[in-house]
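Number of protein chains: 2
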Amino acid sequence: MASQRGEGETTTTPVEPADRERARAIPEAAVARLAVYLRVLSGMSDQGVTAVSSEELSQAAGVNAAKLRKDLSYIGSYGTRGVGYDVEVLVSHIERILGLTRSHSVAVVGIGNLGHALANYGGFPGRGFPVTALFDVDPDLIGIPVGGIPVNHIDEITEVCLEREVSIGVIATPPPAAQSVCDRLVSAGVQCILNFAPVVLQVPDNVEVRKVDLAVEMQILSFHVARRADEAAGVSAGIDSAGNNGLGVDGMVIRP
Amino acid sequence: MASQRGEGETTTTPVEPADRERARAIPEAAVARLAVYLRVLSGMSDQGVTAVSSEELSQAAGVNAAKLRKDLSYIGSYGTRGVGYDVEVLVSHIERILGLTRSHSVAVVGIGNLGHALANYGGFPGRGFPVTALFDVDPDLIGIPVGGIPVNHIDEITEVCLEREVSIGVIATPPPAAQSVCDRLVSAGVQCILNFAPVVLQVPDNVEVRKVDLAVEMQILSFHVARRADEAAGVSAGIDSAGNNGLGVDGMVIRP
DNA sequence: CCGACTTTGTGCATGCGTTCACAAGCGGTA
DNA sequence: TACCGCTTGTGAACGCATGCACAAAGTCGG
Ligand SMILES: NC(=O)c1ccc[n+]([C@@H]2O[C@H](COP(=O)([O-])OP(=O)(O)OC[C@H]3O[C@@H](n4cnc5c(N)ncnc54)[C@H](O)[C@@H]3O)[C@@H](O)[C@H]2O)c1
Ligand SMILES: NC(=O)c1ccc[n+]([C@@H]2O[C@H](COP(=O)([O-])OP(=O)(O)OC[C@H]3O[C@@H](n4cnc5c(N)ncnc54)[C@H](O)[C@@H]3O)[C@@H](O)[C@H]2O)c1
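Sequence lines, in order, name chains A and B. One point on numbering: in the working numbering, the residue at position 125 of the first sequence is 125, and numbering is uninterrupted. The working numbering runs 1000 ahead of the 1-based position in the second sequence.
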């Protein structure tokens, strides 16, 4: 689920679920899975598969079959009972819901290690996300084409973004520059931001931010090994390597 | 939340929450946030801040103050009422919980666009995740150092991973190679995998997989703009650009 | 045309995560 | 020492998401 939205919600129609709007409210978690189903379905389509059951699709997508059916039910009833789903039909409906009927042009800001990788990556245009603009501050980079697109100076961000109708901004600058870059993207009218810098961005309510934080991902993995490790070692001994009382278990104990 | 774990749960002690184990069960979502708090706290510590209240910290981390306190309560009670938290104390406890007291060495497989960026990135070692091994199949890459580490051939993966005690494997190969690479990592004893390839990996229960799927992130962003766009345009008209009946709203209507 | 079989769509229960609200606890002050 | 104001820690309520289980709805063979 998104991590950078928090307070935004409270401002939009406090307590009044007009049922028309509720119909549009697909759970955030379901949206993420729909994108995965779409990828799997596209792959099937490419291989000439024309029909699929919820069981097959759910296995390919790595989820529970009931969950898959519920997710699909949010977008409508396009299956045939006793048979399954038509792959093409499902693809087009998911694309429609995800807003992929038109393509969304992407700008990458910060053409360093990561920015180069993103600009050179061929996978986005095919999925409806053409990279159309690159920005940096480094004079050595300005004008140099990366992945076919010449790098512009960050100061040109407003004009270029408006001209090329950029709808998604990707931030791949060092952390200290991220907020400032974000602000510039927002004032250039970009309403969607994908942030790779390990920084919590401040944005107005009408802008959607998603972050990709690799260090956090690794730390979550680290947490799970640690858990597994001392589950295996037995939890009975209350003292761990650091000499702390084990895990602060007391916190969970109901006081007598 | 993780997306590649699903079925695993059912196998581990079906229905019996021994309260000792439950104490260890920190909600997955909370773990992700703890990692963010840790980063923010480290930043504060570097700036000489020694104490912080839940209100301040929660703002810096972009979350609700109550949620922050609950998250911290999962790891114990290390605050002082009426005062707040000692930054250093919190840092050390979060590090302990996340298993960051020892460092976890990382192997990157697939030294293409993305693999290069990861190998060159200086941010991981400092956070306890030194990159110690790189693998590829391309003969032109083998032996070449990237970010100071020479690339090994993928066939050496088992020996090298064991020798360098790799605990996290990062997959940055093209999608078709991902499952095979994953299997090799698993048989080399790697229990944590971070997957950049847009593929659903199949792994045994004792292996933890997290995926980073940029296309999915962008599609989620796309979904939100689309929602906003036709909220603004008004939903009353039942026909959209593609000529479909609007959004399959019927699916949500209760039959009379 | 009918009955058996298959698979969808979903009501419902359960569990998890978030948020509220407040008592408990601590430091400072008179 | 007793009081006051502030902040933590958490019980409890709520809301969202997951998974089950089954009726509804379709296909296919006879
Ligand atoms: N490279 C990785 O694998 C990786 C992994 C995790 C996180 N990150 C994060 O991604 C971001 C980029 O990482 P990187 O390795 O590519 O860094 P980098 O230093 O290689 O590249 C940063 C680029 O941003 C440019 N830049 C600096 N300030 C700018 C500004 N104000 N406007 C526009 N451009 C500006 C620099 O000129 C440089 O080209 C960092 O925040 C980093 O923490 C990177
Ligand atoms: N580059 C990006 O910005 C980006 C963005 C989103 C997703 N991805 C995904 O990340 C993955 C890597 O992307 P990339 O742009 O770096 O690709 P790339 O083609 O530049 O690099 C892939 C590398 O993997 C190596 N490789 C191929 N088969 C291998 C095998 N069996 N074992 C070991 N190495 C092998 C290749 O030799 C190559 O060096 C892809 O799955 C891609 O879909 C990349």
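Glycine residues also receive a C-beta, built at the ideal position from the N, C-alpha and C atoms.
Arg1210(B) sits away from Leu1185(B), with the two beta carbons spaced by 8 angstroms or more. For the region 161-185 of chain A, the residues whose beta carbon sits under 8 angstroms from a beta carbon of chain B are, in order, Ser167 and Ile168. By the 16-neighbour rule on beta-carbons within 10 angstroms, Gln1219(B) is buried. Of the other Cβ atoms in all chains shown, 16 or more fall within 10 Å of the Cβ of Leu41(A); this residue is therefore buried. For Ala1032(B), the nearest CB of chain A lies under 8 angstroms from its own CB, placing it at the interface with that chain.
Take Arg1164(B), set aside five residues on each side of it, and the residues of its chain with a beta-carbon closer than 7 angstroms to its own are Ser1105, Thr1132 and Ala1133, in chain order. Linking Pro1125(B) to Val1212(B) through their CA atoms gives a straight-line distance of about 20 angstroms.
For Phe1124(B), the three-state secondary structure derived from DSSP is helix. Given a length threshold of 4 residues, each whole run of the alpha helix (DSSP H) inside the region 1144-1228 of chain B is given here in chain order: 1157-1163 and 1175-1187. In this structure, Ala172(A) and Val199(A) do not form a Cβ contact; the two beta carbons are roughly 12 angstroms apart against a cut-off of 8 angstroms.
In terms of CA proximity to Asp205(A), Val190(A) leads the group Val190(A), Ala197(A) and Leu214(A). When rounded, the separation of the alpha-carbon atoms in Ala61(A) and Ala51(A) is 15 angstroms. The beta-carbon separation of Asp1140(B) and Gly1110(B), rounded to 14 angstroms, does not stay under the 8 angstroms limit for a contact. With a cutoff of 7 angstroms, Asn1113(B) counts as near ligand 2, since its C-beta is closer than that to a heavy atom of the ligand. Taken atom to atom, the span from the alpha-carbon of Asp1046(B) to that of Ser180(A) is near 21 angstroms.
In the assembly as shown, Asp138(A) is an exposed residue. Its beta-carbon has fewer than 16 other beta-carbons within 10 Å. Under the criterion of beta carbons closer than 8 angstroms, Ala1035(B) and Val216(A) qualify as touching, at roughly 4 angstroms.
Residue pairing from DSSP leaves Phe129(A) without any beta-bridge partner. Going by C-alpha positions, Ile26(A) is about 33 angstroms away from Glu1056(B).
Interface annotation, Arg69(A): not in contact with chain B, CB-CB separation never under 8 angstroms. Excluding the 5 residues flanking it on each side, Ala1119(B) has same chain C-beta neighbours closer than 8 angstroms at Val1108, Ile1111, Val1131, Leu1134, Val1146, Gly1147 and Ile1149, in chain order.
If you draw a 10 Å sphere on the C-beta of Val1049(B), you find fewer than 16 other C-beta atoms in it, and that means exposed. Going by DSSP, Gly84(A) is part of no alpha helix (DSSP H) but of the beta strand (DSSP E) stretching over Gly84 to Asp86. Partner residues in the beta bridge of Asp1136(B), as assigned by DSSP, are His1153(B).
Considering only beta carbons, the part of the region 203-224 of chain A lying closer than 8 angstroms to chain B consists of Asn206, Glu208, Arg210, Val212, Asp213, Leu214, Ala215, Val216, Glu217, Met218, Gln219, Ile220, Leu221, Ser222, Phe223 and His224, in chain order. Between the alpha carbons of Ser1167(B) and Val1207(B) lies a distance of about 11 angstroms.
Counting C-beta atoms within 10 angstroms of its own C-beta, Asp1071(B) has 16 or more neighbours from the protein chains shown and is therefore classed as buried.
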